[in-house]
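For any residue, its number in my numbering is found by taking its place in the sequence shown, counting from 1, and adding 2.
The beta carbon of each residue, even a glycine, is placed where N, CA and C say it ideally should be.
Predicted, not measured: the structure shown is a model, and the values here were computed from it.
Worksheet for the structure shown next.
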Amino acid sequence: MKSFPTSLETFRNCPRKFDFDRNPDIKRRYRKPSQAMFVGTCVHDALERFFDPQETPVPRRTHEVLVQYLRDAWAGKGLRGRRALQRREERRQVFGDDRETERAAGERAKHMLWGFVRTQDLSVTPYTLELFHEIPFGGRHVLAGKIDRIDRDGETLRVVDYKTGKAKTAAMVREEDLQLAAYSLIISRKFGVPVSRCSLLFLQESVEVGFEPDPAWLAAKEEELLGLLDRIEAEDALPDGPGKFPPTPNPLCSWCDYRELCPEGREFAAREEGVPADGTDEAPPF
Ligand code: SF4
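Next comes the structure, spelled out in structure tokens:
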């Protein structure tokens, strides 16, 4: 089974959501791009072109160029293959004709990139950029990930992942994260080179949160990843029924695209939001 750390994090948070996510028909029908997702994707697209030494040699790496790449990505230009069409469709779904909301979102994205050029080393030539990597894992699995950036650091490598959400502390990342741990395992085993630092770059606050992925931390995370894979296999082996891949109602239910399919999540979110799950208490005025 090929698994990505982000989907394993989804399983850890809610097995039902994980199961919906891997069903292409359900996903196509219910997963809607959000504004945050669209902005994050465009920022990633822009940074990918910005650090591609063929397209943007170091002397050309300015804020203006980066913003132009952002504008291109937003409009579905300068992207290869299906990504251009995807971006145009996502933009239509997220903003429709609401130019004012779109302008505000664009300004927020530009602000993130302004923070980025002010605080980051722009002269980096990445070892790999926005590439998929994978390794055999635990005897019968494949652990895979699309890694934003791998940089060289002498004889070692560094993992960099961009985040456009709210920043976390290093302690929170060490505790909760599976992504950086999985990437560190993948890279060190695939290239046979140690990882000296793994970092999340929180672009809203221009904050880099990183640390050396020490062997004890990696071993604990590897055990957690394998434990999640075992639990997924155990769920897969169960007969179909409501007990398979059970829902875990949680504070993220309010933003879950599958709420319509999930009575438990709807009920939980309604309680959190203080409104009845089905309809309102107020009688219709007729
Ligand atoms: S609504 Fe909540 S419980 Fe239901 S699938 Fe989504 S995250 Fe899970």
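With 16 or more other CB atoms across the displayed protein chains lying within 10 angstroms of its CB, A111 is buried. Bridge pairing for P138: V144 [DSSP]. At a Cβ-Cβ threshold of 8 angstroms, S198 and T158 count as neighbours.
Burial check for W257: the Cβ neighbour count within 10 Å stays below 16, so the residue is exposed. Under the three-state reduction of DSSP output, F6 falls in the coil class, being neither helix nor strand. Burial check for F134: the Cβ neighbour count within 10 Å stays below 16, so the residue is exposed. Separation of V161 and L72 (C-alpha to C-alpha, rounded to the nearest whole angstrom) is 23 angstroms. In the three-state reduction of the DSSP assignment, L133 falls in the strand class. Residues close to the ligand SF4 by the beta carbon criterion (under 5 angstroms to any non-hydrogen atom) are, from first to last along the chain, C16, R18, K19, P249, P251, C255, C258, Y260, R261, C264 and G267.
Here DSSP, grouped into helix, strand and coil, assigns D23 to helix. In this structure, the CA atom of F97 is about 19 angstroms from the CA atom of G167. For the pair R151 and F52, the CB atoms are not nearer than the 8 angstroms cut-off. Taking the C-beta atoms as reference points, C200 is found no nearer than 8 angstroms to L187.
Going by DSSP, G229 is part of the alpha helix (DSSP H) stretching over P217 to A239. By the Cβ-count criterion, P7 is buried, with 16 or more other Cβ atoms from all chains shown falling within 10 Å of its own Cβ. Comparing C-alpha distances from R94 to each of Q70, H46, K34 and E109 shows the shortest one belongs to K34. Annotated three-state conformation of T103 is helix, per DSSP.
Secondary structure note for G212: its beta strand (DSSP E) is the uninterrupted segment V209 to F213.
Look at D163 here: in three-state DSSP terms it is strand. Here L124 has R63 as same chain residues with Cβ atoms under 6 angstroms from its own Cβ, once five neighbours each way along the sequence are excluded.
DSSP places V69 in the helix class (H, G or I) of the three-state scheme. With fewer than 16 other Cβ atoms from the protein chains shown falling within 10 Å of its own Cβ, G156 counts as exposed.
At least 8 angstroms separates the beta-carbon of A146 from that of E132.
Judged by DSSP in its simplified three-state form, V195 adopts coil rather than helix or strand.
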